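Numbering-wise (our numbering), the sequence shown opens with residue 147 and increments by one. Heads up, the beta-carbon is just placed ideally off N, CA and C, and yes, glycines get one too. Computed from a predicted structure; not experimentally measured. Below is one structure; the comments refer to it alone.
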Amino acid sequence: MPKLLLKFETAVIKEIKLDKPSVTLGRKPDNDIVLDHPTISGHHCKIYSSGGTYFVEDLNSTNGTFVNGKKVMKAGIHSNDVIGIVKYSIVFTEDPKVEVLKAVEDKMPKGFLQVLEGAVDKSEYEITSLSTYIGKSDQANIPIKGSGLFGSAPDMAVMIAMRPEGFYLIPIKEDFAKLNGSPLTEKIILSDDDTIEVGATKFRFSTKPR
């Protein structure tokens with residue numbers, strides 16, 4: 147079971163097991179994890195699981211949420227990542243089975259995204275990590291330039307998760323991306339020659355380079 151190690155400055159406060167799919171953090175007493183400090187927003191952020199990966203999402207807080215020192219609105223988190231909330235730091239640790247999965251990452255077949263349309267920096271991207279994010283954010287593994295997205299585009303639109311059985315396409319913002327022309331509303335395992343549309347950018351997925 148994943149855990150959170152809650153610290154205030156350098157002092158360890160407690161260890162918290164993530165035994166539910168979503169937890170909220172903030173100053174108000176109705177949060178799952180209450181952070182009693184005046185600079186913390188009432189409902190500051192939430193940590194939740196989606197498609198086998200954990201995410202942290204800022205809830206429009208005043209002072210922001212950080213992952214490994216970088217300010218984020220939403221980001222995937224992995225073992226030993228540090229979530230920063232003002233003077234609090236929260237170390238995320240995954241359960242052993244996830245660590246075993248990461249150990250076999252190099253043995254898994256690689257995936258490739260060939261760019262068919264859109265304003266991006268490359269003509270082809272290789273998928274080499276367990277989680278690959280596509281969106282307009284500079285923190286995305288495959289950042290799509292603003293001119294290539296509609297105005298409502300999210301910072302992180304979709305994630306491609308590499309698992310022993312294959313590659314899954316997971317929506318972060320539902321109904322924004324399309325798979326083979328249909329809106330993406332749930333995680334779907336990818337097949338060779340599937341087309342992925344993120345805003346005005348279109349990719350073709352393959353397990354072999356072109």
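Proximity to residue i [Cα-Cα], best of the options
i      : options                        : result
Phe349 : Ile273, Lys319, Glu320         : Ile273
Gln285 : His190, Lys220, Thr211         : Lys220
Gly197 : Thr341, Pro175, Thr239, Met308 : Met308
Ile334 : Ala346, Gly345, Glu311         : Glu311
Ser207 : Val232, Gly222, Asp227         : Val232
Lys166 : Ile342, Lys174, Ile159, Leu150 : Leu150
Pro317 : Ala346, Ile280, Asp176, Gly327 : Ile280
Met147 : Thr347, Thr239, Ile342, Glu263 : Thr239
Glu344 : Val261, Arg356, Ser275         : Note on residue identity: the sequence assigns Val, not Glu, to residue 344. Answer by Cα proximity: Val261.
Arg356 : Lys256, Leu205, Pro175         : Lys256
Contact check, residue i vs residue j, beta carbons under 9 Å
i      : j      : result
Ser225 : Ile193 : no
Tyr271 : Ile288 : yes
Ile306 : Ser277 : yes
His183 : Thr170 : no
Ile234 : Ile186 : Looking at the sequence itself, residue 234 is Tyr, so the reference to Ile does not match. In contact: Tyr234 and Ile186 (Cβ atoms closer than 9 Å).
Phe351 : Asp340 : yes
Ile290 : Gly264 : yes
Val237 : Lys160 : no
Thr353 : Phe258 : yes
Beta-bridge partners of residue i, as assigned by DSSP
i      : result
Gly312 : Arg309
Phe322 : In the DSSP output, where bridge partners are listed per residue, Phe322 has none listed.
Glu204 : According to the sequence displayed, residue 204 carries Asp and not Glu. Answer by DSSP bridge pairing, in chain order: Cys191.
Gly222 : Phe201
Thr170 : Lys192
C-alpha gap between residue i and residue j, whole angstroms
i      : j      : result
Glu155 : Ile179 : 17 Å
Asn209 : Lys216 : 13 Å
Lys282 : Lys319 : 13 Å
Gly297 : Ala346 : Low per-residue confidence applies at Gly297: pLDDT is 49, beneath 50, and the placement is therefore not dependable enough to give any value.
Lys268 : Tyr200 : 28 Å
Ile223 : Phe212 : 11 Å
Leu325 : Ala157 : 47 Å
Host beta strand (DSSP E) of residue i (start-end)
i      : result
Glu332 : No beta strand (DSSP E) contains Glu332, which DSSP labels as neither H nor E.
Arg350 : 347-352
Glu240 : Per DSSP, Glu240 belongs to no beta strand (DSSP E) and is neither H nor E.
Gln285 : Per DSSP, Gln285 belongs to no beta strand (DSSP E) and is neither H nor E.
Lys160 : 157-163
Lys153 : 149-154
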